[in-house]
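The block underneath contains the structure these notes are about, expressed in structure tokens.
Residue numbers (this note's numbering): 621 to 1255.
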């Protein structure tokens, strides 16, 4: 049997596989809203053997008459839900009434469970639990899967009596199986090294109520490895002869990650100029090119034009995400704590000199060697050029680094960002965090886009100014906030930017752009460059990453596109251009672009004084194969 620590390390490894789905949903109905659910997404820490994890979900009737209600359960796993000791699921009402008795997950997939009729304006609450067994063996190593729950209903139903569900472990389909799903309670991405559970049949859930997991919260996209975000996907509406509803709708499924997600590959959140950075398949951070200025966390071995070096000071194999400032960096480990290192202690949140430049853990309101509590429960991190920030599992935002215009804080260590809507209120939880050049962007579950920071050269639309550490709505983008658009219309799912330029990705794959001049918009000659407007030549875009003065974008066909300003360090054309094909991952530094093709080779382009895109050094105006062996960050 493997120790729990090893298993937890494997939990986040598989989570990266499902990362692109984290933000692909909301609970709004397609045709009309009959019911609503909360939350619409969750981050669930997969349990170690012999342990359980719980989550809450609820559904509310939005119409003025009773509606029938059922719960559909679906999912997929090649190993986790099968074998000798598969994962088990239990679902109860808050008072302990069993809705789904202890059952192997594989036996309940595809089933529909009848729930009590939901009265007008009423809510129905459920508590879900997943458990892994104490005796899980190596056959479950590396296994992963997803588990989705849909509340379903219809109105104007014919006189059909639903079948009575069978008791025991063999849950029957009910007559409600033909109803059109309306709301999504939750969809869990379960990524575990070993999975199953051992229950005494029909025993209580747990003898002692457990606290919410420190990583249980609404997910961000972006959370995380945010740049790999895939836009909202509409699930086809089922039809049935048994129920011909005049009003029906189905919301999108919202998978959530076992977090923090394992973002293997080149960093998606790097503001470094001369240094390449990525998270290895082995759970370590690697840097290459310029590793001087303590960028590798080890002064004796740092230098210039260096091949990949493992960052020193972080225990081996625990890193899940990494983000870079210009000469500093942060890493997020599997337990939700943040590590900082680099040239300027006050930028990475450590706020005190570090022996040999080794990475140290960020604390709350004190330096790394102070007495403050270690910052924990973080599920996603990002950076501006001089500051960092993270989303905590309770939905709060924490920030650190240079306070004057770059989004950092005035205190040592990390502090909670004040001024955002209460994350405990439905719709207010953050689901996306991205550091642009001098300001941070944040998207809430209901679709509102906020920013803070934003000193000169910021990535904001016209009329918005530096707010220091006070979040403000990005009001010019309000027409594309999810809560403001009509059903089925595109809404913002990602925002990023460089120097005096920015962009927003819409759920239909289109891109909005803005900038201080036309060369920064990708729209060609325009008299309104500062006004957010759709870039007409871009479509089917799945993710984007801005550097100093340009942006790389990946579409669903593996085509890397890009455009840059007239002074683009990355040497992209001013009009959107296909840069390469067969691309599986990519990253934008401040002045360079780096990507991996499907054959495993890495290529780069742009500003290269220290070897961030390989040797020989010098700015590359065309695509060039990277000379370094980057196999450790291969996808």
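Note that CB positions come from ideal geometry on N, CA and C, so glycine has one too.
Only a predicted model underlies this, so the values are computations on that prediction, with no experimental measurement involved.
Are the CB atoms of residue i and residue j nearer to each other than 7 Å?
{"i": "residue 907", "j": "residue 901", "result": "no"}
{"i": "residue 989", "j": "residue 972", "result": "yes"}
{"i": "residue 1135", "j": "residue 1121", "result": "yes"}
{"i": "residue 944", "j": "residue 892", "result": "yes"}
{"i": "residue 1127", "j": "residue 1113", "result": "yes"}
{"i": "residue 994", "j": "residue 1010", "result": "no"}
{"i": "residue 1133", "j": "residue 1186", "result": "no"}
{"i": "residue 701", "j": "residue 725", "result": "yes"}
{"i": "residue 722", "j": "residue 710", "result": "yes"}
{"i": "residue 1211", "j": "residue 925", "result": "no"}
{"i": "residue 747", "j": "residue 674", "result": "yes"}
{"i": "residue 965", "j": "residue 919", "result": "no"}
{"i": "residue 692", "j": "residue 770", "result": "yes"}
Residues in the same chain with beta-carbon distance under 6 Å from residue i, minus the five sequence neighbours each way, listed in chain order, please.
{"i": "residue 1062", "result": "1050, 1053, 1070"}
{"i": "residue 933", "result": "917, 978, 979"}
{"i": "residue 847", "result": "The predicted model places residue 847 with a pLDDT of 29, which falls under 50 and marks its position as unreliable; any figure quoted below should be read in that light. Same-chain partners within the cutoff: 888, 1163, 1165."}
{"i": "residue 1222", "result": "1216, 1246, 1250"}
{"i": "residue 1091", "result": "1039, 1040, 1070, 1072"}
{"i": "residue 974", "result": "980"}
{"i": "residue 1022", "result": "967, 1006, 1007, 1028"}
{"i": "residue 713", "result": "none"}
Could you compute how far the alpha carbon of residue i sits from the alpha carbon of residue j?
{"i": "residue 1046", "j": "residue 679", "result": "12 Å"}
{"i": "residue 1179", "j": "residue 1193", "result": "16 Å"}
{"i": "residue 1228", "j": "residue 946", "result": "14 Å"}
{"i": "residue 670", "j": "residue 753", "result": "5 Å"}
{"i": "residue 1084", "j": "residue 1074", "result": "8 Å"}
{"i": "residue 1167", "j": "residue 1116", "result": "9 Å"}
{"i": "residue 968", "j": "residue 742", "result": "47 Å"}
{"i": "residue 1014", "j": "residue 1037", "result": "13 Å"}
{"i": "residue 1224", "j": "residue 1240", "result": "8 Å"}
{"i": "residue 1055", "j": "residue 1173", "result": "17 Å"}
{"i": "residue 814", "j": "residue 882", "result": "Legend: pLDDT at residue 814 = 30, less than 50; position of this residue unreliable, value from coordinates given subsequently. Computed Cα separation, rounded: 16 Å."}
{"i": "residue 1137", "j": "residue 1020", "result": "32 Å"}
{"i": "residue 1103", "j": "residue 1110", "result": "11 Å"}
{"i": "residue 656", "j": "residue 681", "result": "7 Å"}
{"i": "residue 941", "j": "residue 1255", "result": "15 Å"}
{"i": "residue 1242", "j": "residue 1226", "result": "8 Å"}
{"i": "residue 1124", "j": "residue 717", "result": "45 Å"}
{"i": "residue 1183", "j": "residue 1077", "result": "18 Å"}
{"i": "residue 899", "j": "residue 1108", "result": "36 Å"}
{"i": "residue 1144", "j": "residue 1118", "result": "18 Å"}
{"i": "residue 857", "j": "residue 773", "result": "In this prediction, residue 857 has a pLDDT of 24, which is less than 50 and means its spatial position is unreliable; what the coordinates show is noted afterwards. Each residue's alpha carbon lies about 13 Å from the other."}
{"i": "residue 744", "j": "residue 715", "result": "12 Å"}
Within a Cβ cutoff of 7 Å, which residues of the same chain sit near residue i, ignoring the five residues on either side of it in sequence?
{"i": "residue 730", "result": "694"}
{"i": "residue 1247", "result": "1234, 1235"}
{"i": "residue 936", "result": "904"}
Figure out for me which residue from the options has the closest Cα to the Cα of residue i.
{"i": "residue 1165", "options": "978, 1002, 1066, 923", "result": "1002"}
{"i": "residue 1208", "options": "673, 886, 1128", "result": "886"}
{"i": "residue 952", "options": "894, 889, 975", "result": "889"}
{"i": "residue 1048", "options": "1066, 1218, 1039, 1243", "result": "1066"}
{"i": "residue 1204", "options": "1162, 1242, 1239", "result": "1162"}
{"i": "residue 1195", "options": "1181, 1108, 955", "result": "1181"}
{"i": "residue 984", "options": "1222, 1031, 1079, 747", "result": "1031"}
{"i": "residue 1190", "options": "1201, 1170, 1177", "result": "1170"}
{"i": "residue 927", "options": "1220, 1152, 910, 1028", "result": "910"}
{"i": "residue 1176", "options": "1130, 1151, 1219", "result": "1130"}
{"i": "residue 755", "options": "1101, 749, 703, 714", "result": "703"}
{"i": "residue 1005", "options": "677, 903, 1027", "result": "1027"}
{"i": "residue 894", "options": "880, 948, 941, 905", "result": "948"}
{"i": "residue 950", "options": "1101, 1000, 1149, 921", "result": "1000"}
{"i": "residue 956", "options": "750, 1018, 920, 987", "result": "1018"}
{"i": "residue 1269", "options": "1086, 1057, 1064", "result": "Residue 1269 lies beyond the stretch modelled for the chain, which goes from 621 to 1255, so this question has no answer here."}
{"i": "residue 880", "options": "768, 996, 751", "result": "996"}
Looking only at its chain, what residues have a beta carbon closer than 8 Å to the beta carbon of residue i, apart from the 5 residues adjacent to it on each side?
{"i": "residue 1024", "result": "1075, 1088"}
On the criterion of 16 or more Cβ atoms from any shown chain inside 10 Å, does residue i qualify as buried, or is it exposed?
{"i": "residue 849", "result": "Here the model assigns residue 849 a pLDDT of 30, short of 50, so the residue's position is not dependable, and the following value carries that caveat. Under this definition residue 849 is a buried residue."}
{"i": "residue 1198", "result": "exposed"}
{"i": "residue 914", "result": "buried"}
{"i": "residue 1033", "result": "buried"}
{"i": "residue 705", "result": "buried"}
{"i": "residue 1106", "result": "exposed"}
{"i": "residue 689", "result": "buried"}
{"i": "residue 1238", "result": "exposed"}
{"i": "residue 1214", "result": "buried"}
{"i": "residue 991", "result": "exposed"}
{"i": "residue 735", "result": "buried"}
Quick one: does residue i have its CB under 7 Å from some CB of chain D?
{"i": "residue 896", "result": "Chain labels in this structure do not include chain D; a single protein chain is all it has."}
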